[in-house]
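*Asks:* Line order of the protein sequences matches chains A and B. Going by the numbering used here, 70 is the number at position 70 of the first sequence; the sequence numbering is gapless. Heads up, the numbering used here is the position in the second sequence plus 229, with the first residue counted as 1. Okay, handing you the structure first.
2 protein chains.
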Amino acid sequence: METINQIASFPLFQGLPAEQLRDLAQIAVPRTIKKGQTIFSEGDAAAGFYVLVSGRAKIFKLSPDGKEQILHITTLGEPFGEVPVFTGEQFPAYAQALADSRAFFFPRLDFVNLIQKNPALALNMMAVLARRLRIFADMIESLSLREVPGRLAAHFLSLSDQEGGTREFTLGISKNQLARLLGTIPETLSRILARMGNEKLIEIRDSRNITILDRATLKELAEGEKRLS
Amino acid sequence: METINQIASFPLFQGLPAEQLRDLAQIAVPRTIKKGQTIFSEGDAAAGFYVLVSGRAKIFKLSPDGKEQILHITTLGEPFGEVPVFTGEQFPAYAQALADSRAFFFPRLDFVNLIQKNPALALNMMAVLARRLRIFADMIESLSLREVPGRLAAHFLSLSDQEGGTREFTLGISKNQLARLLGTIPETLSRILARMGNEKLIEIRDSRNITILDRATLKELAEGEKRLS
DNA sequence: CGTGCGCTTGACTTTTTTCAATAAAGGTGG
DNA sequence: CCACCTTTATTGAAAAAAGTCAAGCGCACG
Chain A
1 METINQIASF PLFQGLPAEQ LRDLAQIAVP RTIKKGQTIF SEGDAAAGFY VLVSGRAKIF
61 KLSPDGKEQI LHITTLGEPF GEVPVFTGEQ FPAYAQALAD SRAFFFPRLD FVNLIQKNPA
121 LALNMMAVLA RRLRIFADMI ESLSLREVPG RLAAHFLSLS DQEGGTREFT LGISKNQLAR
181 LLGTIPETLS RILARMGNEK LIEIRDSRNI TILDRATLKE LAEGEKRLS
Chain B
230 METINQIASF PLFQGLPAEQ LRDLAQIAVP RTIKKGQTIF SEGDAAAGFY VLVSGRAKIF
290 KLSPDGKEQI LHITTLGEPF GEVPVFTGEQ FPAYAQALAD SRAFFFPRLD FVNLIQKNPA
350 LALNMMAVLA RRLRIFADMI ESLSLREVPG RLAAHFLSLS DQEGGTREFT LGISKNQLAR
410 LLGTIPETLS RILARMGNEK LIEIRDSRNI TILDRATLKE LAEGEKRLS
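Here you go:
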């Protein structure tokens, strides 16, 4: 019952009839995950995918010499690790909890069964996959076509938009993690934050809270029409 | 009839009953595209997606100052422009023909209709989306965690593998395009090819054909365990 | 037969990373 | 509640990788 209510709030399961939600609740396996715990590793055989109900996790790639690139920070109710459900292979990246979390695990075969019976669920899942494809395409563009100040500016604007366009917002993750998400290193991020502060584009209140002072210039930076001196 | 046979060969439609293939042939709109022609632009409203039966196209992002990052070079029978079919928004990138091509266009609403009636088609499409997600994740890793020689080495090994692990293979695209695919510029690519030649890792036969001379070192390069002197 | 495009090469600049040292912050146990 | 210790963040100086600008070659195409 409890489970059904939680599951019903997932965007992935929006618009499904009660009966289907019951089926999903049947196959969902609750799991608790401690901060820092590895949820899965690249190359692991994938038995299913996850959705977080509380906490936070990062999905990331690791280079042989230990540098990491974060692909994705989970939001609540959003599935992750779903790629191998449909390609039938291994996980393409690592997943690790950034905070104590609770999740549901959906076993692959059971889930595919439900999808086959349920076109609405299939379409929802395709929307999830397509949206992430769009995000990854933006990330590729960003890594290749913009330099770090531009990526950071774009990230700030996106965070601000998510909170309804407010001037103040929270990073949500450590600067260390933010650097890895933007495809750079903490030192570089630190310098650029300092420069943005000097030029009065932003103000860093406490360590994870930012105020946008000059949205217009930030936008120009993000679009590559301007550069940080 | 003709159309059905061509459509039946697409991996996306593998394993579908004849009846479904007929339905798909019904909605498919044939289209010819000339070399250099823009198929769609980022931000265009998307009425459907494409599959090439001959020729070649690139899917790419453009920065404000005109630099491009290629996301993807199409292979025959593989869909592209399918993301907005499921998110209901605009195309996330540009598509342009690299050669004279023939394509089928699948109108969005008709296609979604078929998917709803046909779980196998839905699963095939999810496999396509998931596979591309995997490829994009590798691209992000590559752009962020490896330098250009490593990316190039990985690309060579992948091309070689596609042709069954042969020592000789063809680039398939101009070096200009290859640079844009690897997230760099022609000058840098040119220099690195020259260095790889000097160190006897590869031999450049004519301008688009490469022979691998030292697969082991190439692999070390791709894994970041070694660098080009 | 020229014109243009793709490709190469050189010299220089910019951006980012690396390495190293220090400072600040946060959590833990006394 | 404080002292301690680990983690996180900042800053500087130097190195490396890649990009820019500019010039020149060669081949294909009209």
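Ideal Cβ placement from N, Cα and C applies to all residues, glycine included.
(1) Going by beta carbon distance, what residues of the same chain come within less than 8 Å of Gln319 (chain B), once the five residues before and after it are set aside?
(2) If I follow the unbroken beta strand (DSSP E) through Phe136 (chain A), where does it start and stop?
(3) If I measure Cβ to Cβ from Arg22 (chain A) and keep anything under 7 Å in the same chain, skipping five residues before and after, which residues do I get?
(4) Between which two residues does the alpha helix (DSSP H) holding Phe385 (chain B) run?
(5) Report back the beta-carbon spacing between Val374 (chain B) and Lys67 (chain A) to the nearest angstrom; my notes put them in contact at under 8 Å.
(6) Looking at the unbroken beta strand (DSSP E) that takes in Lys58 (chain A), where does it start and where does it end?
(7) Is there at least one non-hydrogen atom of the ligand ZN closer than 7 Å to the beta-carbon of Leu358 (chain B)?
(8) Which residues in the same chain have their Cβ closer than 7 Å to the Cβ of Phe169 (chain A), if we skip the five residues on either side of it in sequence?
(9) Measure the CB-CB distance between Leu362 (chain B) and Arg132 (chain A) and report whether it falls below 8 Å.
(10) With 16 as the cutoff for other CB atoms within 10 Å, does Arg205 (chain A) come out buried or exposed?
(11) Using a C-beta to C-beta distance shorter than 8 Å, which residues of chain B count as neighbours of Asp65 (chain A)?
(12) For the beta strand (DSSP E) that Gln14 (chain A) lies in, which residues bound it at each end?
(13) Taking Cβ to Cβ, would you say Leu462 (chain B) is nearer than 8 Å to Met126 (chain A)?
(14) Within the 8 Å Cβ cut-off, does Lys61 (chain A) reach chain B?
(15) Which residue from B:His384, B:Pro240, B:Glu428, B:Gln249 puts its Cα closest to that of Ala408 (chain B)?
(16) Helix, strand or coil for Pro415 (chain B)? Go by DSSP, reduced to three states.
(17) Which residue wins for smallest C-alpha separation from Pro186 (chain A), given the options A:Val148, A:Glu220, A:Thr217, A:Gly165?
(18) So, helix, strand or coil for Arg331 (chain B), using DSSP?
(19) Whose Cβ in chain B lies nearer than 7 Å to the Cβ of Ser144 (chain A)?
(20) Between Leu281 (chain B) and Ala332 (chain B), which are expected to be in contact by the criterion C-beta below 8 Å, what is the C-beta distance as a whole number of angstroms?
(21) Going by DSSP, what residue range makes up the alpha helix (DSSP H) through Pro313 (chain B)?
(22) Check for me: the beta strand (DSSP E) holding Arg260 (chain B) runs from which residue to which?
(23) Strictly under 8 Å for the Cβ-Cβ distance: is Met231 (chain A) near chain B by that measure?
(24) What residues in its chain sit with their C-beta under 7 Å from that of Thr446 (chain B), if we drop five residues either side in the sequence?
(25) If I measure Cβ to Cβ from Ser142 (chain A) and keep anything under 6 Å in the same chain, skipping five residues before and after, which residues do I get?
(26) Ala451 (chain B) bridges to which residues according to DSSP?
(27) Run down chain A in chain order and give the residues with a C-beta less than 7 Å from the C-beta of Val312 (chain B).
(28) Should Gln204 (chain A) be flagged as near chain B, meaning a C-beta pair shorter than 8 Å?
(29) What residues are listed by DSSP as bridge partners for Val51 (chain A)?
(30) Taking 8 Å as the cut-off, decide whether the C-beta atoms of Gly55 (chain A) and Ile33 (chain A) are in contact.
(31) Do you know offhand how far Glu248 (chain B)'s Cα is from Pro259 (chain B)'s?
(32) Taking 8 Å as the cut-off, decide whether the C-beta atoms of Gly224 (chain A) and Ser292 (chain B) are in contact.
(33) Skipping 5 residues on each side, what residues in its chain have a beta carbon closer than 8 Å to that of Ser207 (chain A)?
(34) I need the boundaries of the alpha helix (DSSP H) containing Gln266 (chain B), first residue and last residue.
(35) Check distances from the C-beta atoms of the region 305 to 331 of chain B to those of chain A and list, in chain order, the residues that come in under 9 Å.
(36) Ignore the nearest five residues each way along the sequence and tell me which others in Asn118 (chain A)'s own chain have a CB closer than 7 Å to its CB.
*Replies:* A quick look at the data gives this:
(1) Glu271, Gly272, Asp273, Ala274, Ala275, Pro313
(2) Careful: Phe136 (chain A) lies outside any beta strand (DSSP E), inside the alpha helix (DSSP H) at 119 to 145.
(3) These residues qualify, in order along the chain: Ile4.
(4) 377 to 391
(5) Before going on, a small fix: residue 374 (chain B) reads as Leu here, not Val. That pair is a contact at about 6 Å.
(6) 57 to 62
(7) Looking at this structure, you won't find the ligand ZN or any other ligand, since it has none at all.
(8) Leu159, Ser160, Glu163, Ile210
(9) Yes, the pair counts as a contact, with Cβ atoms nearer than the cut-off.
(10) That one is exposed.
(11) Within chain B, the residues placing a beta-carbon under 8 Å from that of Asp65 (chain A) are Gly453, ordered along the chain.
(12) Per DSSP, Gln14 (chain A) belongs to no beta strand (DSSP E) and is neither H nor E.
(13) With chain B covering 230 to 458 only, the question about residue 462 (chain B) has no answer from this structure.
(14) yes
(15) Of B:His384, B:Pro240, B:Glu428, B:Gln249, the residue nearest in Cα terms is B:His384.
(16) helix
(17) For Pro186 (chain A), the nearest C-alpha among the options comes from A:Val148.
(18) Shown here, Arg331 (chain B) sits in a strand according to DSSP, grouped into three states.
(19) Gln298, Leu372, Gly412
(20) Yes, they are in contact, since the Cβ atoms of Leu281 (chain B) and Ala332 (chain B) sit about 5 Å apart, within 8 Å.
(21) 312 to 316
(22) 258 to 262 is the extent of the beta strand (DSSP E) around Arg260 (chain B).
(23) Since the displayed chain A opens at 1 and closes at 229, residue 231 (chain A) lies outside it and no answer follows.
(24) In chain order, Leu430, Lys455 place their CB closer than 7 Å to the CB of Thr446 (chain B), counting only its own chain and leaving out the 5 sequence neighbours on each side.
(25) Cβ within range, chain order: Arg151.
(26) Beta-bridge pairing links Ala451 (chain B) to no other residue.
(27) Ala130, Leu133, Arg134
(28) The amino acid at residue 204 (chain A) is misidentified as Gln; the sequence shows Ile. For Ile204 (chain A), the answer is no, since every Cβ of chain B falls outside 8 Å of its Cβ.
(29) A:Pro79, A:Phe104
(30) yes
(31) 20 Å
(32) yes
(33) Lys175
(34) Counting along the chain, Gln266 (chain B) falls outside any alpha helix (DSSP H), and DSSP gives it neither H nor E.
(35) Glu311, Val312, Pro313, Val314, Phe315, Thr316, Gly317, Glu318, Pro321, Ala322
(36) Gln20
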